[in-house]
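To start, the structure itself, in structure tokens.
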Amino acid sequence: MSVHTPHLTGAGSVKGKGACGRLSPDQEAVQLAPCAVAARDGKAPVSKSCCLQVKRIGQNPRCLCAVLLSNAAKAAGVKPQVAISIPKRCGFAHRPVGYKCGRK
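Quick note on this note's numbering: the sequence shown kicks off at 250 and runs consecutively.
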């Protein structure tokens with residue numbers, strides 16, 4: 250299954266101070282393509298490649314939230330309330346428990 254993200258070609262400018270560093274959340278979202286089904290269905294299995302990408306991006310909870318709320322994620326049908334459960338479903342002991350996306 251593929252994730253359709255038509256508006257990512259040439260997406261945005263590269264910046265160093267965004268939520269995800271030098272890449273935009275839309276650019277980072279492309280790396281989460283292996284998570285497409287698991288991000289829409291809380292009962293779907295989470296692949297090893299998905300867990301590896303979530304672990305990398307999840308080191309910065311602010312970036313992970315920005316990715317889950319990005320235009321690319323919306324276009325792919327990601328349900329943020331389901332996607333935020335992926336770190337737990339991957340069995341990560343160190344995950345942003347209680348972290349609220351979109352709130353300070």
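Ideal Cβ placement from N, Cα and C applies to all residues, glycine included.
query, result
"So, Pro278 versus Ala321, is the Cβ gap smaller than 8 Å?", "Per the sequence presented here, residue 278 reads as Ala, with Pro not at that position. Yes."
"So who's on the other strand from Gly270, going by DSSP bridges?", "Gly267"
"Looking at the unbroken alpha helix (DSSP H) that takes in Gln302, where does it start and where does it end?", "Lys297 to Ile306"
"Looking only at C-alpha atoms, which of Asp290, Ala325, Ala324 and Ala332 sits nearest to Lys304?", "Ala332"
"Assign Val263 to buried or exposed, taking buried as 16 or more other Cβ atoms, counted over all protein chains shown, within 10 Å of its Cβ.", "Any reading at Val263 is ruled out, since the residue's pLDDT is 40, under 50, leaving its predicted position unreliable."
"What's the call for Pro294, buried or exposed, on a 16-neighbour Cβ count within 10 Å?", "exposed"
"Name the residue from Arg289, Ala268, Gln330 and Cys314 whose alpha carbon lies nearest to the alpha carbon of Cys357.", "Any answer about residue 357 is impossible in this case: the structure gives the chain only from 250 up to 353."
"Leu281: which of Gly291, Gly267, Leu272 and Cys299 sits nearest, CA to CA?", "Cys299"
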